[in-house]
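First the structure, in the form of structure tokens, and then the observations on it.
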Amino acid sequence: MTIADARPSAQTAAATGGLPLSVRIAVPILLGAVFIVAWELLVRYLAIPKFVLPAPSEIVAALIDGFGPLMVSMWITLKVTLSAFFIALALGVVVAILFAQSRLVEVSLFPYAVVLQVTPIVSIAPLVLIWVGLDHVERALLILATIVAFFPILSNTTLGLKSVDHNLQNLLDLYHASRWQRLKELQFPSALPYLLGGMKISGGLALIGAVVAEFVAGSGTGNGLAWRIVEAGNRLNIPRMFAALLLLSLLGIVIFFGLSALEYLLLRKWHESALGREN
Amino acid sequence: MSMDDVAARSIAAVPDRAAPAATHKPLIQLNRVSKAYQNGTIALSDVDLRIAHGEFVSLLGPSGCGKSTLLRLVAGLGGVSDGTIDWPLSSYDVRGEPIRDLGFVFQEPTLMPWATVLDNVYLPLKLSGVSRRDAASRVAEALEMVRLERFARAYPRELSGGMKMRVSIARALVVRPKVLLMDEPFAALDEITRFRLNNDLLSLWQAQRWTVIFVTHSVFESVYLSNRIVVMSARPGRIIGDLAIDAPYPRGDAFRTSTAYNEFCRLTSAELARAMAGTEDDH
Numbered sequence: 000m001t002i003a004d005a006r007p008s009a010q011t012a013a014a015t016g017g018l019p020l021s022v023r024i025a026v027p028i029l030l031g032a033v034f035i036v037a038w039e040l041l042v043r044y045l046a047i048p049k050f051v052l053p054a055p056s057e058i059v060a061a062l063i064d065g066f067g068p069l070m071v072s073m074w075i076t077l078k079v080t081l082s083a084f085f086i087a088l089a090l091g092v093v094v095a096i097l098f099a100q101s102r103l104v105e106v107s108l109f110p111y112a113v114v115l116q117v118t119p120i121v122s123i124a125p126l127v128l129i130w131v132g133l134d135h136v137e138r139a140l141l142i143l144a145t146i147v148a149f150f151p152i153l154s155n156t157t158l159g160l161k162s163v164d165h166n167l168q169n170l171l172d173l174y175h176a177s178r179w180q181r182l183k184e185l186q187f188p189s190a191l192p193y194l195l196g197g198m199k200i201s202g203g204l205a206l207i208g209a210v211v212a213e214f215v216a217g218s219g220t221g222n223g224l225a226w227r228i229v230e231a232g233n234r235l236n237i238p239r240m241f242a243a244l245l246l247l248s249l250l251g252i253v254i255f256f257g258l259s260a261l262e263y264l265l266l267r268k269w270h271e272s273a274l275g276r277e278n
Numbered sequence: 000m001s002m003d004d005v006a007a008r009s010i011a012a013v014p015d016r017a018a019p020a021a022t023h024k025p026l027i028q029l030n031r032v033s034k035a036y037q038n039g040t041i042a043l044s045d046v047d048l049r050i051a052h053g054e055f056v057s058l059l060g061p062s063g064c065g066k067s068t069l070l071r072l073v074a075g076l077g078g079v080s081d082g083t084i085d086w087p088l089s090s091y092d093v094r095g096e097p098i099r100d101l102g103f104v105f106q107e108p109t110l111m112p113w114a115t116v117l118d119n120v121y122l123p124l125k126l127s128g129v130s131r132r133d134a135a136s137r138v139a140e141a142l143e144m145v146r147l148e149r150f151a152r153a154y155p156r157e158l159s160g161g162m163k164m165r166v167s168i169a170r171a172l173v174v175r176p177k178v179l180l181m182d183e184p185f186a187a188l189d190e191i192t193r194f195r196l197n198n199d200l201l202s203l204w205q206a207q208r209w210t211v212i213f214v215t216h217s218v219f220e221s222v223y224l225s226n227r228i229v230v231m232s233a234r235p236g237r238i239i240g241d242l243a244i245d246a247p248y249p250r251g252d253a254f255r256t257s258t259a260y261n262e263f264c265r266l267t268s269a270e271l272a273r274a275m276a277g278t279e280d281d282h
């Protein structure tokens, strides 16, 4: 292609704030395809045993072969992840509102929220499992995943509720707005972009929490995707391990894009992040 | 009598400028008002000011002279450290606060980016519990005053700077205020837009007869708009001059190019220079 050819496409690229949509979709797919084909060919050419690295075709075969149990496991992991996410969302928003109402509440509780955040989940998992997990493993998983997902919601929403335009606050003072009106008319909408950002992080973390907790919960207790991975690993059924891994990534991707779509829908009309640059 | 004579005479002294109504009580009366901030800054010191109903008063002064602070205190945003602000003509609500009936226009448009123009203008009425349906005609009326009725459904980001400011003015007007407080509302706009909004504001003021307190740092703007200019000096913020601009309304481009206008500007600049000199002495 000559330079003269390149010009119009460069202009389109600038208009869409980066690369054209077709390129943005096609290039990653193409790259992925090249990678998978190269993987397949290399594994075959070098005759790598499938308990070390299975070829993509073998992974797909394992996926089809174990489709039923894998789907059941995926459903279980998804359930834990989503429940933890929504509990974390509700708790995080409620606590953030409390923080925003009273500075005293915030300074008293925030350090403990941080403690919860910085303590590695793997290290509290055994304790939580002993407390609640002996009879109900899924409850322990839920609690652990919730703990991991909670903090980004809390900290982002707290920040958002406080990031209110000072003059708008003055305006509300001027018209004697009540605390509830202030929250509803000003603080919630101001916090929304922050909350949505926190939700994107938390969605991923809830999944990680669910998986890690299940790993720690150990043998025979769980039957989510994490347990499928452990089990397949123990039996050196590596293709199946990869199949479970694939489903796990798929879950993470769906959660992320779902939340991104939600963010776009809620913010597209007004927030800078969702707007194309016009200049 | 020529315009120049009017200017010369009006500078001599400022009598208690009587309101159009026969009453001699001012609408707003500041008695020895001082305001100190917690960090020790004295924003205002011993300010006495009487503002009559229907006046268009500009507060003019260098930055840091407390003119914005004064405006906020009049609005009831924050309390005075000393002195009182009375509203002799107003009744008082259950909290013992004067019913000020005011609209406030900030230096920035200060619109809610997530709400349409309509919802932004509706906000003050919404806060006082007026339903959307009952508010509709008043919101429409306010938008009509600033000639934005066609943009009711637009979001603030879709508007130019001048249009955003007009939305902000409509939001102040929707409560049908008696007093309009404006804190350098046009400072961030280009000159052409500013001139146009100046004219819009004046014709609205003539039609509605609000009392306007207008904070500005522009000599030209204050002379063009107001019938009275209060000149303030910094550190501590205080009033050092009070000029009447006795030029007839409506004012237009003819006034902007008249000798009277130039004379008023010269006199006001001299006062402002005095205010600035005062601040330098303090250092």
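Quick mapping for you: the protein sequence lines, in order, are chains L and D. Residue 245 in numbering that gives the first Met the number 0 sits at position 246 of the first sequence, and the numbers go up by one each step. Residue 43 in numbering that gives the first Met the number 0 sits at position 44 of the second sequence, and the numbers go up by one each step. Glycine included, each C-beta is placed from N, C-alpha and C at the ideal position.
- Residue 97 of chain D is bridged by DSSP to D/91.
- Taking 9 Å as the Cβ-Cβ cut-off, the region 148-160 of chain L has no residue approaching chain D.
- Taking 8 Å as the cut-off, the beta carbon of residue 39 of chain L is found no closer than this to the beta carbon of residue 49 of chain L.
- In the DSSP assignment, residue 182 of chain D falls within the unbroken beta strand (DSSP E) covering 178-182.
- When 8 Å is used as the limit between beta carbons, residue 112 of chain D is near these residues of chain L: 269, 270, in chain order.
- Collapsing the DSSP output to three states places residue 226 of chain D in coil.
- The bridge partners DSSP lists for residue 241 of chain D are D/229.
- The residue from D/40, D/56, D/86 with its alpha-carbon nearest to that of residue 28 of chain D is D/86.
- One finds 173 in chain L with Cβ atoms closer than 7 Å to the Cβ of residue 74 of chain D, taken in chain order.
- Using a CB distance cut-off of 8 Å, residue 222 of chain L does not count as an interface residue toward chain D.
- With a cutoff of 8 Å on beta-carbon distance, residue 154 of chain L and residue 189 of chain L are scored as not near each other.
- Any Cβ of chain D closer than 8 Å to the Cβ of residue 164 of chain L would place that residue at the interface, and such an atom is present.
- D/44 is the residue among D/31, D/44, D/24 whose C-alpha sits nearest the C-alpha of residue 234 of chain D.
- Contact of residue 90 of chain D with chain L by beta-carbon distance below 7 Å is absent, the smallest such distance being about 16 Å.
- Shown here for residue 110 of chain D: same chain residues with a beta carbon closer than 7 Å to its own, the five before and five after excluded, namely 119, 155, 163, 166, 167 in chain order.
- Assignment of beta-bridge partners to residue 30 of chain D by DSSP yields D/83.
- The shortest CA-to-CA distance from residue 200 of chain D to any of D/157, D/248, D/74 is the one to D/248.
- At least one CB atom of chain D sits nearer than 8 Å to the CB of residue 184 of chain L.
- Straight-line spacing of the CA atoms in residue 104 of chain L and residue 158 of chain L works out to 15 Å.
- Contacts with chain L (Cβ-Cβ distance below 8 Å) from the region 119-130 of chain D involve 122, 123, 125, 126, 127, listed in chain order.
- Taking 8 Å as the threshold, the shortest C-beta distance from residue 248 of chain D to chain L does not fall below it.
- Contact of residue 176 of chain L with chain D by beta-carbon distance below 7 Å involves 126.
- Beta-bridge partners assigned by DSSP to residue 41 of chain D: D/35.
- Straight-line measurement puts the Cα of residue 169 of chain D at about 14 Å from the Cα of residue 152 of chain D.
- Looking from the CA of residue 176 of chain D, the closest CA among D/220, D/107, D/89 belongs to D/89.
- Sequence-ordered contacts of the region 192-214 of chain D with chain L are nonexistent [C-beta pairs closer than 8 Å].
- Here the C-alpha atom of residue 184 of chain L lies approximately 15 Å from the C-alpha atom of residue 100 of chain L.
- Neighbours of residue 195 of chain L in chain D, taken as residues at a C-beta separation under 7 Å, are lacking, since the least C-beta distance is about 13 Å.
- Look at residue 55 of chain D here: in three-state DSSP terms it is strand.
- In the DSSP secondary-structure assignment, residue 49 of chain D is bridged to D/28.
- For residue 215 of chain D, the uninterrupted beta strand (DSSP E) segment begins and ends at 210-215.
- The C-beta distance from residue 91 of chain L to residue 149 of chain L rounds to 5 Å, short enough to meet the 8 Å contact threshold.
- At a beta-carbon threshold of 8 Å, the residues of chain D lying near residue 167 of chain L are 109, 111, ordered along the chain.
- Neighbourhood of residue 263 of chain D in chain L, by CB distance below 9 Å: empty, with the nearest CB roughly 31 Å away.
- Taken atom to atom, the span from the alpha-carbon of residue 185 of chain D to that of residue 106 of chain D is near 7 Å.
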